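One structure is given here, and the rest of the page talks about it.
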Amino acid sequence: MNYKMVLNTLGKVMLIGVIILILPLLVSIIYSENLELSFIVPIIILLVLSIPCLLVKPKNKMIYAKEGFVIVALCWILLSVIGAIPYVISGAIPNYVDALFECASGFTTTGASVLSAETIDKIYQAQKSIMFWRLFTHFIGGMGVLVFLLALFPSESQGFIHIYRAESTGPEASKLVSKMKHTARILYAIYMSLTLLLTILLTFSGMGIYDSLLNAFSVAGTGGFSPHGSGMAYYNSAYAEIVMAVFMVLFGINFNVYYLIIIGCLGKALKSEELRVYLLIVISSTIIIAINVMSTCTSFANALRNSFFQTASIISTTGLATVDFGNWPSLSKGILLFLTMIGACGGSTGGGLKISRLMILFKSGANDFRKVIRSREVLVTKIEGEPVSKEVERKVRSFFLIWVLLLIVSTILISIDGFSNGDIFTDFSASLACISNVGPGLNLVGPMFNYGGYSIFSKLVLFVVMIAGRLEIFPILILLSPRTWRKNR
Amino acid sequence: MKIIILGIGRVGELLVKNLSKEGHDVVVVDKDSFVVNDIVNRYDIIGFNGSGIEREVLAQSDVPNADVFIACTQKDEVNILACVLAKKLGAKRLIARVRAPELYSEMPNISKELGIDFAFNPEIHTASEIFQVLKYPSAINVEGFAGGKAIMPEFYIGANNPLIGKTLSEISSYGFKMLFAVVHRGKDVIIPKGDFKIQEGDCVRLIASESEITAFSKKLKIFKPRVKSVFIVGGSTSAYYLAKQLASARVDVKLVEKDKERCNVFSEEIANITVLHADGTDQNVLEEENLKGAEAVVSLTGADESNVIISLYAKHKGVNKVITKLDKPNIIEMAPLLGLDTIVEPKIAIASHVLRFIRACQTDSQNGMKSLYKISDEVEAVEFTVSEDFIGKDTPLKQLKISKNILIGGIVRGDEFILPSGDTTIMVGDRVIVVAKAKQVNELSEIFR
C-alpha cells in the first residue's frame with residue numbers, strides 16, 4: 001500500500017471539499033442568514049487536516065488498483081463525515097448520526113431523508129443555505145468528487161485511471177480520450193451544461209431561480225431530495241414535472257453517448273444497445289403503469305403524466321415523487337421495485353445494478369442454459385456487438401452475488417431495532433432503496449414517509465450501504481478487508 | 490500531439506512511457522487484449538484491442554486525427570501496410586519498424602511512394618551505435634546529425650586530461666574545426682562561452698565532423714584513438730551490420746558463431762573478416778583464438794547471460810574496451826555492479842532514436858526540423874534543414890538577432906562540415922545544428938521556418 005500517495009490524494013480531496021463548501025457559504029451571505037459559521041467550521045477543519053496530508057511528498061507516485069479503491073472509499077466517507085457538520089451547527093439536524101445519514105444520502109445521490117415534511121419546509125423557509133447544501137451534495141456526488149479532482153488537478157502520477165474506475169459506475173469504465181484530465185473535464189462539461197439547461201427550462205415554470213437550481217441539482221445527480229416537504233406536488237406544474245422527468249431519463253444515460261453525439265457520431269450513439277434497452281424499459285413501464293393506475297387518476301393523460309414521472313424517477317434512481325405511489329396497485333409497485341433494482345445505464349449519474357450489467361448477466365446466463373442442452377456449442381457473450389471478456393463476465397457475476405448478499409445482510413441488520421414493527425418488507429425496501437441510491441422505498445419508508453424512525457445503529461448500517469451502493473461495493477469491501485492493510489501483501 | 494502506437498513490445502512500451510510523460514495524447518493498439526489492459530493501467534493513455542491492418546480498428550483509434558502513427562509490431566509487412574492504411578485515413582506522420590535487411594535497404598526507394606516518413610531498424614541502429622563507440626573508445630556516447638556528417642560525442646574529462654584549466658578560446662586556437670556545445674558540470678548544464686574554463690570531472694559535448702574529432706584526439710593524445718581490431722562473439726543480425734561497417738572501415742574483425750549456416754552467411758557476404766565456427770562461451774576457444782589480443786571485444790549473442798560471462802572473461806583478460814549487448818532490464822541493472830561499463834541496450838537506443846524524430850515533429854509539422862535530441866531536461870540539440878523561407882539567409886550570423894542562449898553548433902553543406910563563425914552565412918539547403926534551451930525550440934522553428 002502506497003500510504004503517502006493515499007494521504008496526498010486525500011489532502012487534495014479536502015481542498016476540493018473546501019471549494020464545495022464555499023458555495024453554500026456564499027448563499028448564506030447572500031440571504032444574510034447568520035449561518036456562516038456552520039460552513040466556516042468545516043472549512044477550517046478541512047484546511048487544518050489537509051496541511052499535513054499535502055506536506056507528505058510521495059516518492060513513488062504510482063497508484064495501483066488497491067490504492068485507487070482505498071482512496072475513493074476513504075474520500076467518500078471523509079466528505080460525508082465533514083459534510084454533516086453544517087447540519088448540526090446550524091441546528092437543522094441536531095443529532096450528528098442523523099446529519100451523517102442525511103449528508104451521505106446527499107452525496108451518494110440516494111435522497112433518503114431523516115427529515116419530516118414539516119422540518120423540510122421549516123429549513124426551506126429559514127435556512128436557505130442549509131437547503132442549498134443539502135441539494136448541492138447531490139450535484140457533487142452525481143458525477144463524483146474524484147472525477148472533479150482529476151479534472152482540476154493535473155498530476156504527473158500515472159495510475160489515476162484506477163481512481164476513475166473505482167468511482168465511476170458500470171461494469172467497465174473506459175476513458176473517452178487518452179488523457180485522464182481531458183476525460184474528466186469532458187464529463188464535467190457535459191454534466192454542467194445539461195444541469196444549466198435544466199435550470200433554465202425550470203425557471204420558465206415560474207418556480208424561481210433558487211428553486212429551479214435546487215431541483216436541477218436533485219435531478220442532475222439523480223438524487224431525490226426535494227426542497228419542499230410535499231415534494232414535487234408543491235409546484236403542481238405539469239410542465240415542470242415533464243421537463244424534470246425527461247431530464248431524469250437523460251441523466252440516467254451513459255455519458256459516453258453524449259460524447260459520441262458531440263464529436264458527431266450520432267448514428268453510433270443511437271445504436272448503443274444499452275441505450276435502446278434502457279429506453280425500451282422506460283417506455284414499456286410507463287405504459288403498463290399508466291394503464292394499471294387509471295382507476296386512481298382523473299384521466300388517462302393524468303395517469304400517463306404520473307406514471308412517466310415515477311418511472312423516470314425510479315429507473316434513473318432519483319426517487320422524487322409527485323404522488324404517493326405507496327397507494328398504487330401491486331403490479332405498479334412491483335414494476336417500480338424491479339426498476340429500483342436495475343437502475344440506470346453504466347457511466348451515468350444513476351445507481352442500481354445498471355442495465356449493461358444486467359444485459360451481461362442475462363446473456364451469459366442464457367448462453368449457459370444453451371450449453372446445458374448442447375454441451376459442444378461454442379458461445380460468446382456479446383454486448384454492443386463486441387465480445388465480453390471472461391474477466392468482465394466473472395466480475396459482473398460476483399458483483400451481482402455480493403450485491404444481493406449485502407441487500408440481505410442489511411435487511412436483517414436494520415430489522416433488529418423493530419422500527420418496522422413486523423413489516424419486514426419495509427426493511428427490505430429501505431435496504432434496496434439505499435443500495436440502489438433511489439431513496440424512497442415502500443410502506444413505512446414510502447415516498448410520503450422518512451427514515452427518521454430507524455435507530456442509530458440502523459442508520460449507520462444504511463449509511464455504509466448507501467456508500468457501498470454508490471461506489472459499487474468493491475471500494476468499501478476493499479477498505480474494510482483486513483487483507484488490504486496487512487503488511488507485505 | 491496525438492500519437493498512435495501500433496504494437497506494444499518493449500520498444501512500444503518505451504515509446505508510450507516517454508511520450509505520455511511528455512504530455513502527448515497517446516493511443517495504443519495491439520492484438521493482445523491482456524497487453525492493452527496492462528499498459529492502459531500503467532500510463533495515462535487509451536488503448537484498443539485489434540489488428541492494425543483493419544480499417545475499422547484504426548478508425549476507432551482516432552488515426553484520422555493522428556499527428557504521428559508508429560507501427561512497431563513484430564512483422565515488417567504489417568507495419569508497412571498499417572502505415573499505408575493510416576496515411577489513407579489521414580494520419581500526418583508515419584513511422585514504421587522494418588527489420589528485414591532486404592526490405593530496409595529498399596526503404597529509401599519506396600518510403601516516399603508509401604508516404605512513410607521514417608523507417609527504423611533496431612539491429613542496424615544497434616550496430617551503428619557500437620560502431621561509433623569503437624571509433625571513439627573514450628566517448629561516453631556519440632550522437633550523429635545530418636546523416637553522420639556531423640557528430641556530437643560526449644567525453645568525460647579525467648584527472649590527467651591536458652584540457653583541464655584551459656579556456657575554450659585557448660583550445661580553439663589549436664585550429665581544429667570543432668565547437669564545445671554543452672558542458673555538464675555536476676547537476677548544471679551549461680552552454681559555454683569563450684572564457685569558459687574546463688575543469689576535472691566535466692562532461693563535454695563537441696560538435697564537429699568525424700575526421701576533425703579523430704585528428705584532434707590524435708594530435709593532443711587526449712582521447713584514445715579508434716580501435717584497429719575487434720573480436721565479436723555471436724553472429725546476430727546486429728553483428729552482421731557491425732561486421733560489415735567495421736570491415737569497410739578496415740578494422741580487423743574476428744567473429745565467433747556456433748551455427749555453421751550463419752558462419753557461411755558472414756564469410757560469403759563480408760570481405761576481409763575472419764569467421765570462426767565455434768562456441769563463443771567456451772573459454773578454451775576464446776583463449777585459443779587470442780581474445781586478449783583484440784583491442785575491443787563485443788558480445789552480441791542472443792542470450793544476455795552469455796554476453797555477461799563473455800564480457801567478464803574479456804575484462805579479466807585485460808581487454809581495453811569491452812562492449813556488452815543486453816536486453817533484459819534486470820540484468821542491465823546489475824551490469825555496472827559487475828564492472829561492465831559499456832552497455833548497449835538496443836531497445837532503449839532505438840526508442841530514443843525514434844523519439845528524436847517525434848520530438849522534431851512536435852513544434853510544427855511544416856518546418857524543416859529534422860531531429861531533436863534531448864541533452865538534458867533543459868537543453869536540446871536540434872537539426873534543421875534551411876528552406877527558402879529562412880529569414881536569415883544571405884546574412885552573416887553576427888547580424889542575425891538570435892537570443893543569447895541559442896548556439897549555432899555547426900552547418901553541414903553538402904558533405905562538408907562548416908564551423909560557424911560571425912561571418913558565416915547560412916544558405917538554403919544547409920543542415921544546421923542548433924543547441925538551445927528547451928523553451929526556445931519553438932522560437933527556433935519560427936526562425937528556421
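Those sequence lines, one after another, are chains H and L.
Per our numbering, the first sequence runs over residues 1 to 489.
Per our numbering, the second sequence runs over residues 490 to 938.
Glycine is no exception: its CB is placed at the ideal position from the N, C-alpha and C atoms.
It should be emphasised that the depicted structure is a prediction, and the values quoted were computed from it without experimental measurement.
Asked: Reference Ala238 of chain H; option with closest CA among H:Cys53, H:Ile163, H:Leu442, H:Val323; Found: H:Val323
Asked: Leu407 of chain H beta carbon less than 8 Å from that of Leu444 of chain H; Found: no
Asked: Under the three-state DSSP convention, the category Glu632 of chain L falls into; Found: strand
Asked: Test: Met1 of chain H CB closer than 8 Å to a CB of chain L; Found: no
Asked: Neighbour flag for Ser854 of chain L against chain H, beta carbons, 8 Å; Found: Because the pLDDT at Ser854 of chain L is just 46, under 50, the model does not fix this residue reliably, and the point stays unresolved.
Asked: Bridge partner(s) assigned by DSSP for Arg185 of chain H; Found: Looking at the DSSP assignment, Arg185 of chain H forms no beta bridge with any residue, so it has no partner.
Asked: Helix, strand or coil at Met62 of chain H according to DSSP, with G and I counted as helix; Found: coil
Asked: Which listed residue (L:Leu574, L:Glu502, L:Ile646, L:Ile660) has its alpha carbon closest to that of Val672 of chain L; Found: L:Ile646
Asked: Rounded straight-line distance, which links the Cα of Ser398 of chain H to that of Thr119 of chain H; Found: 41 Å
Asked: Stretch pair the region 212-228 of chain H + the region 125-136 of chain H: three plus CB contacts closer than 8 Å; Found: yes
Asked: Val672 of chain L, DSSP secondary structure in three states; Found: strand
Asked: Interface residues of the region 528-558 of chain L facing chain H [CB-CB below 8 Å]; Found: Val529, Asn530, Arg531, Tyr532, Asp533, Ile534, Ile535
Asked: Thr484 of chain H: first and last residue of the uninterrupted alpha helix (DSSP H) it sits in; Found: 482-485
Asked: Whether Tyr454 of chain H touches Asp423 of chain H by CB criterion (8 Å); Found: no
Asked: Contact set for Ala616 of chain L: own chain, Cβ-Cβ below 7 Å, skip 5 residues either direction; Found: Ser727, Tyr730, Leu731, Gln734
Asked: Cβ-based burial, Thr381 of chain H [other Cβ within 10 Å; buried from 16]; Found: buried
Asked: Burial state of Cys265 of chain H, where buried means 16 or more other Cβ atoms lie within 10 Å; Found: exposed
Asked: Backbone CA spacing between Ile679 of chain L and Ser600 of chain L [nearest angstrom]; Found: 39 Å
Asked: Span of the beta strand (DSSP E) around Gly899 of chain L; Found: 896-902
Asked: Through-space distance from Phe136 of chain H to Leu25 of chain H, alpha-carbon basis; Found: 12 Å
Asked: Neighbour flag for Ser737 of chain L against chain H, beta carbons, 8 Å; Found: no
Asked: Straight-line Cα distance separating Phe369 of chain H from Arg376 of chain H; Found: 12 Å
Asked: Beta carbon proximity, Asp565 of chain L to chain H, threshold 8 Å; Found: no
Asked: First through last residue of the beta strand (DSSP E) which encompasses Phe665 of chain L; Found: First-last for Phe665 of chain L: undefined, no H or E at that position.
Asked: Spatial neighbours of Ala628 of chain L in its chain, beta-carbon cut-off 8 Å, leaving aside the 5 residues before and after; Found: Gln621, Val622, Pro642, Glu643, Phe644, Phe712
Asked: Residue environment, Met667 of chain L, which counts as buried when at least 16 other CB atoms sit within 10 Å; Found: buried
Asked: 8 Å CB neighbourhood of Leu765 of chain L in its chain, flanking five on each side removed; Found: Lys743, Leu744, Val745, Glu746, Cys752, Val774, Glu778
Asked: CB contact below 8 Å: Ser226 of chain H versus chain L; Found: no
Asked: Val177 of chain H: contacting residues in chain L (beta-carbon distance under 8 Å); Found: Asp514, Ile535
Asked: Minimum C-alpha distance to Thr199 of chain H - residue among H:Val243, H:Ile51, H:Phe160; Found: H:Val243
Asked: Whole runs of the alpha helix (DSSP H) within the region 733-815 of chain L, excluding any shorter than 4 residues; Found: 749-758, 772-777, 793-805
Asked: C-alpha distance - Ala468 of chain H paired with Ala870 of chain L, whole-angstrom precision; Found: 54 Å
Asked: Cβ shell of Gly498 of chain L (< 6 Å), same chain only, five flanking positions each side left out; Found: none
Asked: heavy atom of the ligand SAH below 7 Å from Glu502 of chain L C-beta; Found: In the structure on display, the ligand SAH does not appear, and there are no ligands present to speak of.
Asked: Burial state of Leu331 of chain H, where buried means 16 or more other Cβ atoms lie within 10 Å; Found: exposed
Asked: Meets three-Cβ-pair contact criterion under 8 Å: the region 910-921 of chain L and the region 647-658 of chain L; Found: no
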